[in-house]
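Read in order, the letters of the sequence shown are residues -24 to -1, 1 to 203 in mature numbering (1 follows the signal peptide of the UniProt record, and there is no 0). C-beta: ideal position from N, C-alpha, C; glycine also.
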Amino acid sequence: MEKASVSLTIKFLLLQCLFALSIAQDFDFFYFVQQWPGSYCDTKKSCCYPTTGKPAADFGIHGLWPNYKDGSYPSNCDPSNAYDESKIPDLISLMQQDWATLACPSNSGSAFWSHEWNKHGTCSESNLDQHGYFKAALNLKSKVDLLQILQSGGINPDGGSYSLSNIKSTISNAIGYDPWIECNSDADGNRQLYQIYLCVDTSGSDLIACPSFPRGKCAPNIQFPSF
């Protein structure tokens, strides 16, 4: 009985240590994902402008997503800490501008932000509370002007076809780190620039080299549609 008791105590202590480690470091980095609205809207599914009106022709935030180095990610980490718009009143107008929803039916954006916080933001609570999470994403958006970077390299949202390698190198040369490009298809099946992933440290403030990239690939040449 004594050996069994010691064994159970050791197992309990090990579980406590593992739990403490998981709390201390519950993810390795963030993906900061920006989306081109023209590529969202020209698909067969189409889009709806938010109730605040058509967003600007600029990349918009999709999300700030905690990830592990092995490519997996945590999600829905704390159901008890649901999205609460009363915690971010000073950010709403900027979120409407830089984090606009294009989902149908037309809405204010609250459902989109709620989804992002509940699924992804709650997994960053060890470093960022709700206000800090949304503020971090907005700060990153202001720090990295993807449209300006691309246009400075002669890559414009004019419906033209551009080299995927040139898009990547243009961004990499500007920010010092390689991005990951996600493509989708327009209503005619043409492959196009859809989302750009950058990697950020666990504080949500500084760009880093990506420890891993998502799966999937684009064509060697892709379109950059207008919006």
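Inter-residue Cα distance where the pair is residue i and residue j
i: Leu122; j: Ser56; result: 35 Å
i: Pro50; j: Pro196; result: 32 Å
i: Trp89; j: His96; result: 10 Å
i: Pro155; j: Leu140; result: 11 Å
i: Ile131; j: Ser148; result: 14 Å
i: Ser48; j: Ile157; result: 18 Å
i: Ile64; j: Phe8; result: 20 Å
i: Trp93; j: Asn83; result: 17 Å
i: Pro42; j: Ile125; result: 25 Å
i: Tyr170; j: Lys144; result: 13 Å
Burial state of residue i, where buried means 16 or more other Cβ atoms lie within 10 Å
i: Gly39; result: buried
i: Ala185; result: exposed
i: Cys175; result: buried
i: Lys21; result: exposed
i: Ala58; result: exposed
i: Ser62; result: exposed
Integer Cβ distance of residue i from residue j, believed to fall under 8 Å
i: Tyr138; j: Ile68; result: In fact, because the Cβ distance is near 35 Å, the residues do not count as touching under 8 Å.
i: Asp54; j: Thr98; result: 4 Å
i: Gly135; j: Ser86; result: Contact flag wrong, Cβ pair sits at about 33 Å.
i: Cys23; j: Pro81; result: About 11 Å separates the two Cβ atoms, so there is no contact after all.
Next on the checklist: Measuring CB atoms only, is the region 17 to 36 touching the region 68 to 77, in the sense that at least three cross pairs come out at less than 8 Å?
Outcome noted: Result yes; three or more Cβ-Cβ pairs closer than 8 Å.
Checklist entry - Is the region 13 to 20 close to the region 106 to 119, with three or more CB pairs under 8 Å? => result No, the region 13 to 20 is not in contact with the region 106 to 119.
Checklist entry - What residue ranges within the region 54 to 108 form continuous alpha helix (DSSP H) runs of no fewer than 4 residues, ordered along the chain? => result Correct list: 68 to 74 and 86 to 95.
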